[in-house]
Structure formats: C-alpha cells, structure tokens
Amino acid sequence: MLAGAAAAEVTLTIESWRNDDLTLWQDKIIPAFEAANPGIKVKFTPSAPAEYNAVLNSKLDAGSAGDLITCRPFDASLALYEAGQLADLSDLDGMANFSDVAKSAWQTDDGAASFCVPMASVIHGFIYNKDAFAELGIEVPATEAEFFAALEKIQEDGNYTPMAMGTNDQWEAATMGYNNIGPNYWKGEEGRLALIAGEQKLTDPAWVAPYATLAKWGAYLGDGYEAQTYPDSQNIFTLGRAAIYPAGSWEITGFNAQADFEMGAFKPPVQNAGDTCYISDHTDIAIGMNAKSPNAEAAKTFLNWVGSSEFASIYANALPGFFSLSNHEVAMEDPLAQEFVSWRGECESTIRSTYQILSRGTPNLENDTWGASVAAIKGTKSPEDLGAELQSGLASWYAPQQ
Amino acid sequence: MQKPRFKWHILVFLAPAVLVYTAIMIFPLFNTLRLALFSEVDQVRVFVGLENFRTLFGDPNWSEQFWNALGNNFWFFFIHMLVQNPIGIALAAILSHPRLRYAALYRSAIFVPTILSFVIIGFAWKLILSPIWGIAPDMLKAIGLKSLYAPWLGKEEYALTTLALISVWQFVGIPLMLIYAALLSIPEEVLEAGEVDGITGAAAFWKIKLPLILPSIGIISILTFVGNFNAFDLIYAAQGALAGPDFSTDILGTFMYRTFFGFQLQLGDPHMGSAIATAMFGIILIGVCIYLFGIQTRLRRYQF
C-alpha cells in the first residue's frame, strides 16, 4: 500500500507565459488541486511572455517540455497539434463543460478535434466614470443614438475628455474599437462564420458599417489622440480626466488599483432599442497536454479538474477580468467583473472576427484591420474603401473568398 | 641568401579577430543570404532559388510594402544629409574657433545623446512631443504659437520627418567630432598663408577649410548612408513593429523585423525575412560602391 502510493506519486510540470500568475498558481490553484488529488504534484514553470512560443517550441522539439502546456489561441497552438506535439483531448470528460464558441480557439478548422481545455476569456465593452456620469446627469447608453448623445453632452460640458483612446499604438482601434462594436453589426458568430465560409464579404454593409461608426469617434477622443498611446489612455481614464474608456475586461485589476472614483461598465450599444446584443467574449488562454508526456493519466486528471467549477471559481476570482469559459455558474466578488460577465446572459457571445483562420496569410488580416480602424477614426479613408481594401487583401490568399 | 622565414606570429595575432569576426559577422551574413533561397513547405525546408525575391518584387502585397519602406528610408537619409551633416559641420566650425569659451562643455553636451540608448531617446521624445503630458505643446503655448503644434508622431504626413529629426538630434555629435578633428588637423601655416593673401573669416572657411575637410564629409556621408539604411531601433522603440501611422514610418529594418519574427497574429517567416535582409544588403553594397568608385577616387587629397 505504502509502496504503491510512493510509486504512484507523479509530478506534473506546467509550461506557461503567465509569469504574472505565479503566486496565484502556487498559493491557490495548485494546493486546491493537490488536496483533492493526493499522489499528484504540480509544478508551474512560466517563462517570459515574449519568449514563450520560441522557448516552448524548442523544448518540445528537444523532448524536455512539461506535461501540461498553456495554449495560445488559434494558429500557434494548432501548429503544435498538427506537428503531433499536443494530444487530442476531444474525449476528455471535462470538455463537456464548454460551449462550442469556447472551444473554437483550440480546435482543428473542421472542429473535429479539440486539443486544449479553455481556461479564460476577456470580454469587451466600455468602462465609464460613474462620478462623471452622475455629475453630468447622463444615463448609461443602451443604443448608439444614446451613446453619441452622451459623448456630445460630455464634450459640451468640457470638463472631461469624452472617450480615452488613442490611435498611436493602433491595436486599440481594432481590438477595443472595431471588434468591440462590430459584433452588433455582423451578428456575432453568424457573421464571423459566414465570413470564414466565404458567404459574406468584408465589403458587405455589416462589415463596413462599424468603420462608419468608428469614424464618428474621432471627434470625441480628445486633442492629439493621433499620438496618444495605450498607457496614455489608461492614465487619462484612471486620473479621472476622461469619462468613457473602450475596454477589455483585462483592465479591471489595474483600474481598480489606480482609479479613486467609482467605475461601471456598459456593453457595446445596439443600433435600435430592443435589438439582440452581441459581445466579443474572446477566448484567450487554455491548457493542453504534451503528447509525449509520460504522465498522461495524471495530466488528464488535472485537465478534467481545469474543467471543474472549483477551478473556474478560483481562477476567475483571483484574476477579475479573465472569465471562466466553462458553463458553470461562477460567483465573482468584483462588481466591475460581475457587470462584464452578466452580459453573457443577455447577449450572444462571439470572438474577434480576424483571429480564426483569416489571419493566416499575407497580407495579414488582423494587422490590416488595425490600420483600417485607425484610418476610419482619423477619417483618412472612407469606410467603403477600407472594406474594399481588406476584402481584396483577404481574397488574394483565402480561397473561400475568391 | 637565406629564404625569409614564414612569419607565424602574424597568423597568431590575426587569428582571434578573424575567428570572432567570422563567427559573428561573416558566417551569419552568408547564412542569411543562403536562407533567402529557401522556403518552408509542410514544415520541411525546401530550396526555391530566387522565388522569394520574385514574391518580394512581383507580388503587390509584398512589393508595395517594400517600395514604401525603401522610399521612407531614402527620405530618412535625405533629412539626415540635409540637416544633420550641415549642422554638424557648422557646429564644428564654430567650436574650432580659437577664441570660443567653454568649447569642451558644448562639445560634450552635443555628443552625449549619441551614447544614449535608442529606447531612452524614443521614450523621452515621445513624452516631450506627447499631446497629453508633453512639454512641447506647453512651450509653444508660452510663446503664443500653440497653433503650430500637432501630434506629429501620430500624423502620417509628419511622423517620419519627426523621427528623422529626432535621430538627427541624437547623432549630430558624430559629424561634429569627425569634422572637428579634421579642422584641427589643418596646419596654421596654410591659414596664415591665406591671411597674407587677404583671405580671412568666412572666406577662409569656404575657400581653404571646406576643401580640406571634403574627404571627411565624404566619410560622414557614407557612414550616414549605411547607418540610415540599417536603421531600425528608433522606429521600433517609438512606433512599434507596425511602424504606424499607416506604415508611414516603415523602413526596411522594421519591415524585415516584422517579416522575419512575425507580429501579433502574423507568424514569422525567416525565409522571406532573409530575402528582405539580402535586398537591404544589396542596396547598401551598391550605395557604398557608388561612393568608393564614383566619388572617393575623385576627391583630391592634400598632404602637408
């Protein structure tokens, strides 16, 4: 019995780029797992985010990678699966706890095989300064008309910059702009999948209209937004100088620490009151198994546990803004995080339109969308031209769009 | 007569430099040139000859970016030639004036930015020019010229020129030092002989000193050319790998980086990246050859 227990003792090693989360894993997640599963020890060994992909690839090639591998979404992990380095987890019991959208980032293109257990997503929306809204008597906008009326009112008052976003770093315009408000136009998954299937084009009104809306943002972004960087925007908002911040939920922890006013969040406004709302609930992080792991059984035990409500609750509460992708009810304490996650019940979830498959070729659709969103906000190109440019770029290499 | 002995010590003394230089410069260079002739198909590296170059120059997706980057590179170089070198020469002429006080102080102050890291320069200037926290808008306001201020780094039409001027600010110390040294090496007798003939002041600079420092100016031009066409750091530090806004500050270095190492969802392609690096190598080689055979051989040298 004793010998058996000693022999059964295995140690699982986790590869990850989340070195920010080291203490969370060591103090909370691993003890909780080890308490429930005696005989399995877990070691969390993160590397620097920028080096992770390269380090992981060389470790996998050399056969020295850990048993469990934290998965980047889409192509980076898909390449590992296709090279036989990540195991197929389609039959894992824990997988039953995730929706198809949640799993889409770590599946083969046809959805036949899943190779990572989804851990967390980030949700897009707008964070606002509650004090500023109260001071100016502004209601939280639900429709686009109300949204622009609110911006106009803040502008007129002049005490606050209506919205804190710059175009210098470019990605915010696409990520917090286009892919934040866009799903309401292309109807979330319906439009995204139709684009991948080649049934819709980037020149269709649903894909061009968000650029026309972004074009109206420029007037409310404050002086010199063209040279405003991402940290500039964060600081302007947390210093209380701006009323609205187009956000991703990952900002919650930082904003809670920096801002000394009360914050609220609202989802991307719909075009007409009563429309179905869609939110970008972007799959960001997952965990898979090294196909050559000698401890496959123990690793599967761990992955099943990642699919449990216990893990979801620990993770979501320790990192407010990184939401569990599982179907479990997760009680979160952070009010801002609660607000973000409550939209899942009211709206349809989708992911960023450019991430799956469509950014594989040259020109790269994601990078081009950054540039296009910036051009739309600045008004240097018309929405129709932007749509036409993106479409011709995509069609140049993506067969279903040809 | 005894046959001269083979001088082994020459080999011994040369060896370290040759070995190190070969290992970290010559080998990677030729390996990059070689890599440009390959491509990856289904995770296997295959020889494709000049196919990568055909893509680079023939496929509009690539060639547009390449010509844009090359054009920007020429503009970057043009600004340096137009601003950095004349200012460097002028400063050197002023500093070499025998009656100037605190010359050493000015010289050091002007040279200091040259030794700063690009990251510091990029960050500091971004802050100075920032529309939100920067001192540039406030300073312009103080003298009543606020209307001249624009978020320069964020505007397509100004961003590259702004960055080129930042780079000029950083590197103006190099031409200053080289010209300064050249000016100091002009013998007093030559200038005195000129004075006897009635050539003094500004005329002495244009008619005597400038012709004598022309070879140094040539060297500076070619150093500027090589430096500018290899530039990468400042643009990357200030504008990121996408060299925004809308690729208006994209130069060959950032284009190569993005292609070779990938960016965001764009996966790295070492083979196309090497093809761009090879093109950069070719451009610099041609430029240096034009200088060496076309210009330098015609410069007259004076021996004192």
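Just so you know, the sequences run in chain order A and B. In terms of numbering that gives the first Met the number 0, the first sequence has 247 at position 248, counting the first letter as 1, and numbering is strictly consecutive. In terms of numbering that gives the first Met the number 0, the second sequence has 303 at position 304, counting the first letter as 1, and numbering is strictly consecutive. Note that the Cβ used here is the ideal one computed from N, Cα and C, for glycine as well.
Check whether the Cβ of residue i lies closer than 9 Å to any Cβ atom in chain B.
{"i": "A/Q169", "result": "yes"}
{"i": "A/D384", "result": "no"}
{"i": "A/D108", "result": "no"}
{"i": "A/K377", "result": "yes"}
{"i": "A/E365", "result": "yes"}
{"i": "A/S279", "result": "no"}
{"i": "A/Y354", "result": "yes"}
So that I know if they touch, is there some Cβ in chain A lying closer than 9 Å to that of residue i?
{"i": "B/K140", "result": "no"}
{"i": "B/Q169", "result": "no"}
{"i": "B/N60", "result": "yes"}
{"i": "B/L34", "result": "no"}
{"i": "B/F262", "result": "yes"}
{"i": "B/L55", "result": "no"}
{"i": "B/Q295", "result": "no"}
{"i": "B/G87", "result": "no"}
{"i": "B/P174", "result": "no"}
{"i": "B/P136", "result": "yes"}
{"i": "B/G239", "result": "yes"}
Do you know whose CA, among the options, lies nearest residue i's CA?
{"i": "B/V47", "options": "B/F37, B/L55, B/R53", "result": "B/F37"}
{"i": "A/P30", "options": "A/Y80, A/F310, A/Y229", "result": "A/F310"}
{"i": "A/I419", "options": "A/I251, A/W206, A/V116", "result": "The structure shown does not extend to residue 419 of chain A, since chain A is modelled only from 0 to 401, so the question has no answer here."}
{"i": "A/S174", "options": "A/P48, A/P267, A/Q257", "result": "Reading the sequence as shown, one finds Thr at residue 174 of chain A and not Ser. When each option's Cα is compared against that of A/T174, the closest is A/P267."}
{"i": "A/S248", "options": "A/N179, A/E145, A/F32, A/G165", "result": "A/N179"}
{"i": "A/N234", "options": "A/N52, A/D259, A/A75, A/A214", "result": "A/D259"}
{"i": "B/A201", "options": "B/N71, B/E63, B/H96", "result": "B/H96"}
{"i": "B/L139", "options": "B/W132, B/Y148, B/I131", "result": "B/Y148"}
{"i": "B/F110", "options": "B/Q64, B/Q238, B/P174", "result": "B/P174"}
{"i": "B/T277", "options": "B/L13, B/R33, B/E155", "result": "B/R33"}
{"i": "A/G320", "options": "A/S308, A/T107, A/P334, A/S307", "result": "A/P334"}
{"i": "B/P244", "options": "B/I134, B/S146, B/V11, B/E156", "result": "B/E156"}
{"i": "A/S76", "options": "A/T12, A/I39, A/T107", "result": "A/T107"}
{"i": "A/P399", "options": "A/I28, A/I356, A/A374", "result": "A/I356"}
{"i": "A/S89", "options": "A/S113, A/A82, A/D109", "result": "A/S113"}
{"i": "B/S184", "options": "B/V287, B/F280, B/A91, B/G87", "result": "B/A91"}
{"i": "A/F339", "options": "A/R359, A/H281, A/E143", "result": "A/H281"}
{"i": "A/A375", "options": "A/A144, A/S120, A/Y277, A/A208", "result": "A/A208"}
Which residues in the same chain as residue i place their Cβ atom closer than 8 Å to its Cβ, once the five residues preceding and following it in sequence are excluded?
{"i": "B/Y290", "result": "G217, S220, I221, F224"}
{"i": "A/A35", "result": "W304, E309"}
Apart from the five residues just before and just after residue i, which ones in its own chain have a Cβ nearer than 6 Å to its Cβ?
{"i": "A/Q84", "result": "L59, A290"}
{"i": "B/P15", "result": "none"}
{"i": "B/A242", "result": "I234, T248, D249, T253"}
{"i": "A/A4", "result": "Bear in mind that a pLDDT of 44 at A/A4, under 50, signals an unreliable position, so the number given afterwards is only what the model happens to contain. Closer than 6 Å at the Cβ level, and outside the excluded window around A/A4, lies no residue."}
{"i": "A/L1", "result": "Because the pLDDT of A/L1 is 42, which lies under 50, any placement of that residue in the model is unreliable, and the number read from its coordinates should be weighed accordingly. Excluding positions up to five away in sequence, the list is empty."}
{"i": "A/F303", "result": "It should be pointed out that residue 303 of chain A corresponds to Asn in this sequence rather than to Phe. So the qualifying residues of the chain are D92, G93."}
{"i": "A/Q401", "result": "A394"}
Just mark residue i as buried or exposed, buried being the case when its beta carbon has 16 or more other beta carbons within 10 Å.
{"i": "B/M255", "result": "buried"}
{"i": "A/W216", "result": "buried"}
{"i": "A/K102", "result": "buried"}
{"i": "A/G344", "result": "exposed"}
{"i": "B/N51", "result": "buried"}
{"i": "A/G413", "result": "Lying outside 0 to 401, the shown extent of chain A, residue 413 of chain A is not represented and no answer is given."}
{"i": "A/C115", "result": "buried"}
{"i": "A/E383", "result": "exposed"}
{"i": "A/V269", "result": "buried"}
{"i": "B/R4", "result": "exposed"}
{"i": "A/S358", "result": "buried"}
By Cβ distance below 7 Å, which residues in the same chain neighbour residue i in space, the five residues on each side in sequence not counted?
{"i": "B/S215", "result": "L177, I178, A181"}
{"i": "A/W369", "result": "Q169, W170, A172, A173"}
{"i": "A/A6", "result": "Reliability of the predicted coordinates at A/A6 is poor, the pLDDT of 48 falling under 50, and no value is obtained from them."}
{"i": "A/S391", "result": "none"}
{"i": "A/A211", "result": "P382"}
{"i": "A/A413", "result": "Residue coverage of chain A in this structure runs from 0 to 401, which leaves residue 413 of chain A outside it and unanswerable."}
(message) Which residues of the segment 247–276 of chain A have a Cβ closer than 8 Å to any Cβ of chain D? Give them in chain order.
(response) Within the model displayed, chain D is absent; protein chains A and B are what it includes.
(message) For the segment 241–259 of chain B, list every residue whose C-beta sits within 8 Å of some C-beta in chain A, in sequence order.
(response) Within the segment 241–259 of chain B, the qualifying residues are L241, G243, P244, D245, F246.
(request) Below 8 Å between beta carbons is the criterion; list the residues of the segment 102–132 of chain B that meet it against any residue of chain A, in chain order. (result) K125, L128, S129, P130, I131, W132
(request) Check distances from the C-beta atoms of the segment 140–164 of chain B to those of chain A and list, in chain order, the residues that come in under 9 Å. (result) Y148, A149, P150, W151, L152, G153, K154, E155, A158
(request) Report the residues of the segment 232–246 of chain A with a CB closer than 7 Å to any CB of chain B, ordered along the chain. (result) I235
(request) Give the residues from the segment 19–47 of chain B that approach chain A closer than 8 Å (Cβ to any Cβ), ordered along the chain. (result) Those would be Q42, in chain order.
(request) Name, going along the chain, the residues of the segment 69–99 of chain A whose beta-carbon falls closer than 7 Å to a beta-carbon of chain B. (result) Per Cβ criterion, the list reads D74, A82.
(message) Using a Cβ-Cβ cutoff of 7 Å, what residues of the segment 264–283 of chain B are near chain A? List them in chain order.
(response) L264, Q265, L266
(message) Please identify, using Cβ separations under 7 Å, the residues of the segment 26–50 of chain A that lie next to chain B, in order along the chain.
(response) none
(request) Note down, in chain order, all residues in the segment 197–226 of chain A with a beta-carbon under 7 Å from any beta-carbon belonging to chain B. (result) D222, G223, E225, A226
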